[in-house]
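Residue numbers (my numbering): -14 to 485.
Idealized CB from N, CA, C, for every residue including glycine.
Everything below concerns the one structure shown next.
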Ligand code: FES
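Structural data, given as structure tokens:
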């Protein structure tokens, strides 16, 4: 082949590789300085970064093969791999050889990223800057028409220098924000201040709390099934179902059972006093009421709070509904008077101490195909309802809301988590939650129930296989690999990469 053609190919390969490498470095800097937008888009942006770097290496390979084939420059494989071995412009070629070797190391460590210590990858990856400088010097000195790229080199060096300085400043600012000496009190996302307007007991161990906006204004609208995250004075955030009237925008009503063996949130609610200022999130609905010809509501204990507004909604539009409501004792069952006022023929109360467990089979056998069955309560009740519907009543549509996830902590195994944006690689021992470990590096990471039930702690997964142990994801969503609820979920893969 004409040596002139190899020369063209070598030059095009070299220049393309240099420009793509510059684009990769620019893109990497934009990603690490977080100016590329919200977390949700980050996975695609990282893919683009990887794609650009792969393309740069491909053109580099074309450049090198064309040089070997070009008889005019007379460069062999040895001269391409050993710095200063070339008889043709030894120093100029050497910068290119060293840049190639560093770029190859970056490529290999990136491919092995999940199998090597994170700091190795990070050290090697920072050599992208020397690689850029070396390739620029190489481009300006090695080619026979090097002078033609002078202005391009100037623009690229200026842009990358500016972004590097900006990145250094941005990292320092981030470090200040997450310094362990300045812990951040978690707040529900999009929170607003409220005041405790009224507290009153509504059953044994259950208190009804009414919250109003501190400025006396209207609160965000909500629909039956919604919950709010309540930020307590201690900094704990807990989810509670709204159990008032959605038409009353001046007050949020929640019913809270004092759980002595819980994580302390309910005890703190019971200790609140009128006038106390708190913060609540915007209402979130993961348990919406669907339109159906008939409804069967099955509540266990405090699970009635999620179903109460649904019952009122069904009653208001004249839909057919029934309620099966179980509790430890009659006195421990909240809102019974309010419910019985809707019709004693449709409300079946089952205190366990006198009547035993609710008869699910009888209640379900009175429903017809197409009935929406809503269940909220303790795990044994939910499991029993799921089994009863699956085994004997397949044409009912079951909707459940759990208080907590169902996974057994004994099944936990150690793994490691990489926080891509923060640049940390942390071990997650078998006896600690992923959320705990993440908060070590990023204090204030939002969470609410810390039991895998509310969905507040959701984080985006960039690589690895999540081991979902929450109660939020159901059906096909349980195989999703792009998000995780770190308060209970773990990892099937040795390393999980999180967009944080
Ligand atoms: Fe509720 Fe994680 S905090 S699901």
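Run through the DSSP bridge pairs and tell me what residue i is partnered with.
{"i": "residue 145", "result": "Beta-bridge pairing links residue 145 to no other residue."}
{"i": "residue 482", "result": "403 and 448"}
{"i": "residue 384", "result": "359"}
{"i": "residue 284", "result": "310 and 361"}
{"i": "residue 240", "result": "193"}
{"i": "residue 324", "result": "The partner list for residue 324 (beta bridge, DSSP) is empty, contrary to what the question assumes."}
{"i": "residue 198", "result": "179"}
{"i": "residue 264", "result": "178 and 216"}
{"i": "residue 269", "result": "212"}
{"i": "residue 333", "result": "309"}
{"i": "residue 222", "result": "216"}
Smallest Cα separation from residue i: which of the options?
{"i": "residue 211", "options": "302, 421, 90 and 269", "result": "269"}
{"i": "residue 417", "options": "398, 406 and 409", "result": "398"}
{"i": "residue 479", "options": "189, 97, 273 and 440", "result": "97"}
{"i": "residue 58", "options": "-7, 139, 35 and 11", "result": "-7"}
{"i": "residue 0", "options": "409, 305, 135 and 275", "result": "135"}
{"i": "residue 142", "options": "4, 362, 272 and 373", "result": "4"}
{"i": "residue 441", "options": "428, 214, 425 and 236", "result": "214"}
{"i": "residue 150", "options": "342, -4 and 11", "result": "11"}
{"i": "residue 200", "options": "185, 186, 236 and 455", "result": "236"}
{"i": "residue 428", "options": "413, 206, 407 and 414", "result": "407"}
{"i": "residue -11", "options": "464, -2, 56 and 8", "result": "56"}
{"i": "residue 216", "options": "413, 257, 388 and 381", "result": "257"}
{"i": "residue 227", "options": "252, 218, 297 and 280", "result": "297"}
{"i": "residue 346", "options": "381, 279 and 187", "result": "381"}
{"i": "residue 413", "options": "474, 365 and 378", "result": "474"}
{"i": "residue 388", "options": "342, 423, 437 and 350", "result": "437"}
{"i": "residue 13", "options": "34, 94 and 452", "result": "34"}
{"i": "residue 307", "options": "287, 281 and 198", "result": "281"}
{"i": "residue 94", "options": "252, 112 and 73", "result": "112"}
{"i": "residue 343", "options": "363, 326, 353 and 325", "result": "363"}
{"i": "residue 229", "options": "423, 324, 456 and 315", "result": "324"}
So for residue i, helix, strand or coil by DSSP?
{"i": "residue -9", "result": "helix"}
{"i": "residue 476", "result": "strand"}
{"i": "residue 0", "result": "helix"}
{"i": "residue 302", "result": "coil"}
{"i": "residue 151", "result": "helix"}
{"i": "residue 73", "result": "coil"}
{"i": "residue 6", "result": "helix"}
{"i": "residue 213", "result": "strand"}
{"i": "residue 471", "result": "coil"}
{"i": "residue 60", "result": "coil"}
{"i": "residue 521", "result": "Here the chain covers residues -14 to 485 and nothing more, so residue 521 does not appear."}
{"i": "residue 370", "result": "helix"}
{"i": "residue 169", "result": "Its pLDDT being 38, under 50, residue 169 is placed unreliably in this model, and the coordinates cannot settle the point."}
{"i": "residue 409", "result": "strand"}
{"i": "residue 185", "result": "strand"}
{"i": "residue 376", "result": "helix"}
{"i": "residue 253", "result": "helix"}
{"i": "residue 461", "result": "helix"}
{"i": "residue 34", "result": "helix"}
{"i": "residue 453", "result": "coil"}
Are the CB atoms of residue i and residue j nearer to each other than 8 Å?
{"i": "residue 358", "j": "residue 384", "result": "yes"}
{"i": "residue 191", "j": "residue 148", "result": "no"}
{"i": "residue 202", "j": "residue 277", "result": "no"}
{"i": "residue 403", "j": "residue 483", "result": "yes"}
{"i": "residue 221", "j": "residue 249", "result": "yes"}
{"i": "residue 63", "j": "residue 49", "result": "no"}
{"i": "residue 176", "j": "residue 265", "result": "yes"}
{"i": "residue 485", "j": "residue 444", "result": "yes"}
{"i": "residue 510", "j": "residue 260", "result": "Missing from the structure shown is residue 510; the chain here goes from -14 to 485 and no further."}
{"i": "residue 267", "j": "residue 433", "result": "no"}
{"i": "residue 127", "j": "residue 77", "result": "yes"}
{"i": "residue 370", "j": "residue 289", "result": "no"}
{"i": "residue 285", "j": "residue 311", "result": "yes"}
{"i": "residue 238", "j": "residue 274", "result": "no"}
{"i": "residue 313", "j": "residue 330", "result": "no"}
{"i": "residue 45", "j": "residue 90", "result": "no"}
{"i": "residue 409", "j": "residue 449", "result": "no"}
{"i": "residue 495", "j": "residue 138", "result": "No answer is possible for residue 495: it lies beyond the span of the chain, which begins at -14 and ends at 485."}
{"i": "residue 487", "j": "residue 467", "result": "Nothing about residue 487 can be read from this structure; the chain reaches only from -14 to 485."}
{"i": "residue 204", "j": "residue 185", "result": "no"}
{"i": "residue 37", "j": "residue 8", "result": "yes"}
{"i": "residue 85", "j": "residue 6", "result": "no"}
{"i": "residue 320", "j": "residue 291", "result": "no"}
{"i": "residue 189", "j": "residue 316", "result": "yes"}
Please find out if some non-hydrogen atom of the ligand HEM comes closer than 7 Å to the beta-carbon of residue i.
{"i": "residue 433", "result": "What this structure holds is the ligand FES, not the ligand HEM."}
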